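A.B. asks:
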Amino acid sequence: MDNTRIYRMTFAGVYPLYIQKAERKGRTKEEVDEIIFWLTGYNPVSIKRLIADKTDFEHFFEHAPCLSPNLSKIKGVICGYRIEEIEDPLVQKVRYLDKLIDELAKGKPMEKILRK
């Protein structure tokens with residue numbers, strides 16, 4: 563798998579797609595944000611800055627204030643790959659986020675999405 567594309571994708575480019583996916587299924591931007599804040603430790607101000615700066619995913623995760631201690635509880639298949647078997651740490655983190663947004667769009671309760 564060529565991961566170069568994932569490393570260079572900007573958070574600003576993908577964030578609206580996460581919101582669109584959630585909203586198409588009756589979920590909200592606020593729920594998307596809650597997932598991102600839980601996963602990374604970012605807050606509303608820092609997210610706006612990351613979007614304005616067009617931060618790529620490599621730097622987005624590299625500089626995340628506090629990755630959730632419950633990352634290892636995120637399991638399953640996303641984009642044809644089992645998350646827990648992905649060897650590249652950055653790709654795995656991006657796929658964690660993808661998986662959580664998918665769960666939101668599928669109607670899972672927020673409590674379960676955030677592994678509480």
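Numbers 563 to 678, taken from this note's numbering, label the letters of the sequence shown in order.
Yeah, the Cβ is synthetic: ideal placement off N, Cα and C, and Gly gets one too.
Since the model is a prediction, treat every value here as computed from it, not as a measurement.
Measure the C-alpha to C-alpha separation of Ile635 and Arg677 and round it to an integer number of angstroms.
C.D. replies: As a working mapping, residue 635 is identified with position 73 in the sequence shown. As a working mapping, residue 677 is identified with position 115 in the sequence shown. The identity of residue 635 in the sequence shown is Lys, whereas the question assumes Ile. Answer to the nearest angstrom: the Cα atoms are 7 Å apart.
A.B. asks: Mind checking Glu665: buried by the 16 CB within 10 Å criterion, or exposed?
C.D. replies: Numbered from its first residue, the sequence shown carries residue 665 at position 103. Buried is the call here.
A.B. asks: Quick check on this structure: which residue in Glu673, Glu647, Thr572, Pro578 has the alpha carbon closest to the alpha carbon of Gly638?
C.D. replies: Locating residue 638 in the sequence shown gives position 76, counting from the first residue. Comparing Cα-Cα distances from Gly638 to each of Glu673, Glu647, Thr572, Pro578, the minimum goes to Glu647.
A.B. asks: Quick one, are the C-beta atoms of Ile598 and Val653 less than 8 Å apart?
C.D. replies: Locating residue 598 in the sequence shown gives position 36, where the first residue counts as 1. Locating residue 653 in the sequence shown gives position 91, where the first residue counts as 1. It is not a contact, given that the beta carbons lie outside the stated cut-off.
A.B. asks: If you check the beta carbons only, do Pro606 and Asp595 fall under 8 Å apart?
C.D. replies: Numbered from 1 along the sequence shown, position 44 holds the residue referred to as residue 606. Numbered from 1 along the sequence shown, position 33 holds the residue referred to as residue 595. For Pro606 and Asp595, yes; Cβs fall inside 8 Å.
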